[in-house]
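Numbering (the numbering used here), first residue to last: 768 to 873. To start, the structure itself, in structure tokens.
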Amino acid sequence: MVYDTPEEAVILPPHVSEEPVEDVAIWRERAQAWVFVPVPEPKAVKNRLHLDLAAHVSQDREAEIDRLLRLGATRVNVGQDEEAVTWTVLADPEGNEFCVLSSRDR
768 MVYDTPEEAV
778 ILPPHVSEEP
788 VEDVAIWRER
798 AQAWVFVPVP
808 EPKAVKNRLH
818 LDLAAHVSQD
828 REAEIDRLLR
838 LGATRVNVGQ
848 DEEAVTWTVL
858 ADPEGNEFCV
868 LSSRDR
């Protein structure tokens, strides 16, 4: 994943966490890359891309939401009932919505 941020993020397949450390380094080198390109037109109704982020099983969803809020995200109400759903809708500083889901426990 390529994004202009000081925090590194690499997308790896789920089974990589079960492989020896040496193999994980190979996956990191071969991981697919996403490049985010700015567009001059403002968002109209829906995002061109919607990301759902799930905290790792060892991470706490609320802690991840707090971290994202400190980095500049804002909470967004799109009509969801926060008490009834297992996700939280946030927006980046440019207003692009994304969801933080509950961790994907196995």
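From the three backbone atoms N, C-alpha and C, an ideal C-beta is built for every residue, glycine too. Note that the coordinates shown come from a computational prediction; the quantities given were computed from them, not determined experimentally.
Minimum C-alpha distance to residue i - residue among the options
| i | options | result |
| --- | --- | --- |
| asparagine 863 | Ser869, Ala840, Asp848, Gly846 | Ala840 |
| threonine 855 | Ile832, Glu861, His817 | Ile832 |
| phenylalanine 865 | His817, Pro805, Val806, Gln847 | His817 |
| aspartate 859 | Ala821, Asn814, Gln847 | Asn814 |
| leucine 838 | Glu808, Lys810, Glu861, Pro807 | Glu861 |
| glutamine 820 | Val812, Leu835, Gln847 | The question names glutamine, yet the displayed sequence has leucine at residue 820. Checked all of Val812, Leu835, Gln847; the closest Cα to leucine 820 is Leu835. |
Coarse secondary structure for residue i, derived from DSSP in three states
| i | result |
| --- | --- |
| aspartate 819 | strand |
| leucine 836 | helix |
| glutamate 864 | strand |
| alanine 811 | strand |
| alanine 830 | helix |
| valine 843 | coil |
| valine 856 | strand |
Residue i and residue j closer than 8 Å at C-beta
| i | j | result |
| --- | --- | --- |
| leucine 857 | valine 845 | no |
| arginine 842 | serine 870 | no |
Any non-hydrogen atom of the ligand NAP closer than 7 Å to residue i Cβ
| i | result |
| --- | --- |
| alanine 830 | Ligands displayed in this structure: none; no statement on the ligand NAP is therefore possible. |
CB contact below 8 Å: residue i versus chain C
| i | result |
| --- | --- |
| leucine 816 | In the displayed structure, chain C is absent; only one protein chain is listed. |
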